[in-house]
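*Asks:*
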Amino acid sequence: MENNLFAQFAKRRHETNSERLEQLTQEFAHHLSDTLFWIASKKVGSQISFELISGDNSDSPPSLFAYMNSDGSTEYPTTILDDIEHHGRQYTAIRGSYLIALSQKITTTLHILDENNASIVLSHDMQLKLHQIIKSLWTTETEVDPLPTIHAQPTDTQPASKKRSWLKFFIFSAILIIVCATGYWLYRY
């Protein structure tokens, strides 16, 4: 089964007409944004960090490898199951739109790999271009009337039960200090 994302990228690569190339790039970006990818990661506390591979050249950006299913399913790709089961590596699932949005934060070369060993390599500049296309597609698809401006007043965000627990703690502490001070005073005199 041929992967739609890879087929769209191949069509785009061989196109010479600039208008058609732009249309194919938009179709590729739209399909990419909806695709689920798995990236090797490490969880440290509540933070997840992605594993980057350093380039051969000190001038080249690090590489980020994203794996996907050939059929577009949401199951783990078979190419990474061995790493998970036998090597204990962790992978995080991430949508393509978020993956491309990472290009705003870090400079990488993105390698997209599927189960058939096909690959797409996206430079940082291409990722930035795709991010702009995805961003414009998202804003045109979700365009609605602007929301009214809401003027928020600062409020105390602690729940009432939390406030009461602090009050109980301070009252208990005050009573404990009074009892200890009274006992010390009576013992001393």
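Numbering (our numbering), first residue to last: 40 to 228. The beta-carbon is built from N, C-alpha and C at its ideal position, and this holds for glycine as well.
So, using beta-carbon positions, are T147 and P116 closer together than 7 Å?
*Replies:* no
*Asks:* If contacts are defined as beta-carbon pairs under 8 Å, then Y106 and L152 qualify, I think. What distance do you get, rounded to the angstrom?
*Replies:* The C-beta distance from Y106 to L152 rounds to 5 Å, short enough to meet the 8 Å contact threshold.
*Asks:* According to DSSP, is E58 helix, strand or coil?
*Replies:* E58: helix per DSSP, three-state reduction.
*Asks:* Give every residue of the same chain whose Cβ lies closer than 7 Å to the Cβ of I119, excluding the five residues on either side of it in the sequence, and list them in chain order.
*Replies:* Same-chain partners within the cutoff: W77, Y106 and Y130.
*Asks:* Could you give the DSSP three-state label for L91: helix, strand or coil?
*Replies:* In the structure shown, L91 falls within a coil segment according to DSSP collapsed to helix, strand and coil.
*Asks:* Does DSSP put H170 in a helix, in a strand, or in coil?
*Replies:* helix
*Asks:* Does chain D have any CB closer than 7 Å to the CB of Y106?
*Replies:* Protein chains in the displayed structure number just one, and chain D is not present.
*Asks:* Determine the closest residue to A79 out of L206, G222, T178 and L138, with distance taken between C-alpha atoms.
*Replies:* L138
*Asks:* May I ask you to report which of helix, strand or coil DSSP gives R52?
*Replies:* helix
*Asks:* Let me know the alpha helix (DSSP H) ranges lying completely inside the region 79-147, each 4 residues or longer, listed in chain order.
*Replies:* 117-126 and 135-140
*Asks:* What would DSSP say about S162, mapped onto helix, strand or coil?
*Replies:* Note: S162 maps to coil in three-state DSSP.
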